[in-house]
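J.: Please find one structure pasted underneath; my questions will follow.
There are 2 protein chains.
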Amino acid sequence: MEKENKKILLVEDDQNFGAILKDYLMLNDFDVVLAKNGMEGFEKFKKDTYDLCILDVMMPYKDGYTLAKEIREKNKEVPIVFLTAKTMKEDVLKGYKVGADDYLNKPFDSEVLLMKIKAIMQRKSSETKAENVQFEFQIGKFHLNSKLRFLNFPGNEPIKLSPKENELLKMLALYVEDLMPRELALTKIWRDDNYFTSRSMDVYIAKLRKYLKEDPNVEILNIHGEGFRLVVKK
Amino acid sequence: MEKENKKILLVEDDQNFGAILKDYLMLNDFDVVLAKNGMEGFEKFKKDTYDLCILDVMMPYKDGYTLAKEIREKNKEVPIVFLTAKTMKEDVLKGYKVGADDYLNKPFDSEVLLMKIKAIMQRKSSETKAENVQFEFQIGKFHLNSKLRFLNFPGNEPIKLSPKENELLKMLALYVEDLMPRELALTKIWRDDNYFTSRSMDVYIAKLRKYLKEDPNVEILNIHGEGFRLVVKK
DNA sequence: TAATGTATTAACCAAACATTAACATAGAGG
DNA sequence: CCTCTATGTTAATGTTTGGTTAATACATTA
């Protein structure tokens, strides 16, 4: 049976950048519809169903935020990602250039965007559906299989994860590059949020950090008083 | 259903400038009604509902301040922006001319006005709706992510912000180019307005200034006895 | 019941944070 | 120009939060 790809609406006024990003996303197995301004974007949104919208914030005639509001009025569920700072675009472009000759093998900067996209979609689908569709995660050079509770690092013996380790890492991966609130992990994994469970969680964060040391590009950052953020550099 | 744009009443006696500014605002996705003097402005104000009024201060028959008073009597909520010195007009004109052949890509001076308008609108909408999902701000060369609490300057390591630093900078950004009253930050962020919280705030202003030193075009100005103003020069 | 894997709790230290104090400087008004 | 108040700045303090290791408790299975 033919599995259909996830569909992305990409709204970007910079034609050159838009085309490149579209190519890149399509190479990564997404169906992409590109609109070159807010109005066209909204028209296309109304005519089809999408799994994700990527909106440039700075656009003439109708900016990304305004478009997002319109989209929200039509559909309260669809995930929306903003392309904000120039830096991000530049990263993607740079990544594209770097990877152009060998993009299938080398990891490059725009993978951050890709990772975020995947994580967001997965979060959405795990919110609506109780049964988690996906249980495999790429975290830098690591590969996490959260069903078998294995964390693989190429060359090394697979690391067996305990149930708590596994759930916590999975939760972090689900929020890759984004804030994973303390309270979320505590209520979802520990089913209780108090001083002791919180300390317990810290212990597990330390354990995960130890495992993840193998790849210096992978880090669990703390956001004081808020939670943690799994980041994959480069 | 088509969502309607924000509506702006623009009162400007200089026909040429008024038309250009109107065009510029419309290109930025606002609905604009142009009146060419204070009396016409008030008539048009009474006949419709606006999200913002932009009033030229220097006008024959009825100056901007007088008009503003009348408008305020009718409506205590609507944001009012004054066009004061020539400099700003010249900036916009200059910007428009410079950008005329290439305005989609190059940033130009009138973006300050646009920034102000957007900040004002945003403030209004965040007053009414608590679910303001807006947490990314461009401040000169800096990029503030107030959800992850970091301040990025291209080339440097991201600066982690403490909760108070973060909220204060966000508040200043919300009032870009405009007065951010002391009392507002104190009541909203410190939830108390006394001598000590006020001194605490000054300490945080000093901290932010230190961070913002990287970009000489970004400054936090003090307005004696009133508050602070975040400005982005050039 | 020993062995093993797992989770919690304790204890201690380090980092992050907000406040307060102290002193210097700038602005407003007489 | 003088005085009073507001602001700029740095440092000291106390508190909360997080990082880490080890000890303990618990659970599962051999």
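Chains as they are written, first to last, in the numbering used here: chain A, 5 to 238; chain B, 5 to 238. We put the CB at the ideal spot given by N, CA and C, even for glycine.
(1) Taking residue 157 of chain A as the reference, give the member of A:143, A:236 and A:234 with the closest Cα.
(2) Give, in chain order, every unbroken run of the alpha helix (DSSP H) that is at least 4 residues long and sits entirely within the region 39-78 of chain A.
(3) For the region 205-227 of chain A, list every residue whose C-beta sits within 7 angstroms of some C-beta in chain B, in sequence order.
(4) Of all Cβ atoms in chain B, is any one closer than 8 angstroms to the Cβ of residue 96 of chain A?
(5) Would you call the CB atoms of residue 149 of chain B and residue 140 of chain B closer than 8 angstroms?
(6) Assuming residue 22 of chain A is part of the alpha helix (DSSP H), what are its boundary residues?
(7) Within this structure, are the beta carbons of residue 37 of chain A and residue 14 of chain A separated by less than 8 angstroms?
(8) Please tell me whether residue 53 of chain A has its Cβ less than 8 angstroms away from any Cβ of chain B.
(9) So residue 197 of chain A and residue 187 of chain A are supposed to be a Cβ contact under 8 angstroms. How far apart are they, rounded?
(10) Using only the alpha-carbon positions, how far apart do residue 236 of chain B and residue 68 of chain B sit?
(11) Shorter than 8 angstroms from the beta carbon of residue 67 of chain B to some beta carbon of chain A?
(12) Using three-state DSSP, classify residue 138 of chain A as helix, strand or coil.
(13) Thinking residue 9 of chain B and residue 35 of chain B are a contact (beta carbons under 8 angstroms), I'd like their distance in whole angstroms, please.
(14) Can you tell me the Cα-Cα spacing of residue 90 of chain B and residue 25 of chain B, whole angstroms?
(15) When the Cα atoms are used, what is the spatial distance from residue 51 of chain A to residue 126 of chain A?
(16) So which residues on chain B does residue 233 of chain A lean against when the C-beta distance must stay under 8 angstroms?
(17) Within 10 Å of its beta-carbon, does residue 206 of chain A have 16 or more other beta-carbons around it, so buried, or fewer, so exposed?
(18) Indicate whether residue 60 of chain A and residue 17 of chain A have their beta-carbon atoms separated by less than 8 angstroms.
(19) Can you round the beta-carbon distance between residue 75 of chain B and residue 85 of chain B to whole angstroms, since I take them to be within the 8 angstroms contact cut?
(20) Where do the ends of the beta strand (DSSP E) carrying residue 178 of chain A lie?
(21) Any C-beta of chain B sitting closer than 8 angstroms to the C-beta of residue 70 of chain A?
(22) Where residue 53 of chain B and residue 11 of chain B are concerned, what is the direct C-alpha to C-alpha distance, given to the nearest angstrom?
(23) Hey, would you say residue 153 of chain B sits closer than 8 angstroms to residue 168 of chain B, going by beta carbons?
(24) Is there at least one Cβ from chain B nearer than 8 angstroms to residue 183 of chain A's Cβ?
(25) Determine the extent of the beta strand (DSSP E) in which residue 233 of chain B is found, giving its start and end residues.
(26) Does DSSP put residue 206 of chain A in a helix, in a strand, or in coil?
(27) Quick check on residue 45 of chain A - is its C-beta less than 8 angstroms from some C-beta in chain B?
(28) DSSP three-state call for residue 99 of chain B: helix, strand or coil?
(29) Assign residue 192 of chain A to one of three DSSP states: helix, strand, or coil.
(30) In the DSSP output, what is residue 184 of chain A paired with across the bridge?
(31) Please report how far the alpha carbon of residue 43 of chain A lies from the alpha carbon of residue 116 of chain A, in whole angstroms.
(32) Take residue 223 of chain A and list the residues in its own chain whose beta-carbon comes closer than 6 angstroms to its own, dropping the five residues that flank it on each side.
(33) Relative to the alpha-carbon of residue 231 of chain A, which residue among A:220, A:47 and A:180 has its alpha-carbon at the smallest distance?
(34) Excluding five sequence neighbours on each side, which residues of the same chain lie with their C-beta closer than 6 angstroms to the C-beta of residue 101 of chain B?
(35) Beta carbons nearer than 9 angstroms to chain B: which residues of the region 11-33 of chain A have them?
(36) Using the Cα positions of residue 203 of chain A and residue 30 of chain A, report the straight-line distance between them to the nearest angstrom.
T.: Answer, in terms of the structure:
(1) A:143
(2) Runs of the alpha helix (DSSP H) lying entirely within the region 39-78 of chain A, each at least 4 residues long, are 42-51 and 68-78 in chain order.
(3) Listed by position, the residues of the region 205-227 of chain A near chain B (Cβ gap below 7 angstroms) are 227.
(4) Note that residue 96 of chain A scores a pLDDT of 48, beneath 50, so its modelled location is shaky; the value from the coordinates is reported in the next line. No, residue 96 of chain A lies away from the interface with chain B (no Cβ there is under 8 angstroms from its Cβ).
(5) yes
(6) 19-31
(7) yes
(8) no
(9) 6 angstroms
(10) 26 angstroms
(11) no
(12) Here DSSP, grouped into helix, strand and coil, assigns residue 138 of chain A to coil.
(13) 5 angstroms
(14) Reliability of the predicted coordinates at residue 90 of chain B is poor, the pLDDT of 45 falling under 50, and no value is obtained from them.
(15) 24 angstroms
(16) 152
(17) exposed
(18) yes
(19) Residue 85 of chain B and residue 75 of chain B do not touch by the CB rule: their CB atoms are close to 12 angstroms apart, not below 8 angstroms.
(20) It is not in any beta strand (DSSP E) - residue 178 of chain A instead sits in the alpha helix (DSSP H) that spans 167-178.
(21) yes
(22) 8 angstroms
(23) no
(24) yes
(25) 231-236
(26) It is helical.
(27) no
(28) Here residue 99 of chain B scores only 41 on pLDDT, less than 50, and its place in the model is too uncertain to base an answer on.
(29) Three-state result, residue 192 of chain A: helix.
(30) A:232
(31) The alpha-carbon atoms of residue 43 of chain A and residue 116 of chain A are separated by roughly 28 angstroms.
(32) Counting only Cβ-Cβ distances below 6 angstroms, and skipping sequence neighbours, we find 235.
(33) A:180
(34) Residue placement at residue 101 of chain B cannot be trusted, given a pLDDT of 38 that sits under 50; what the coordinates show is reported in the next sentence. So no residue of the chain qualifies.
(35) Residues 17 and 18.
(36) 43 angstroms
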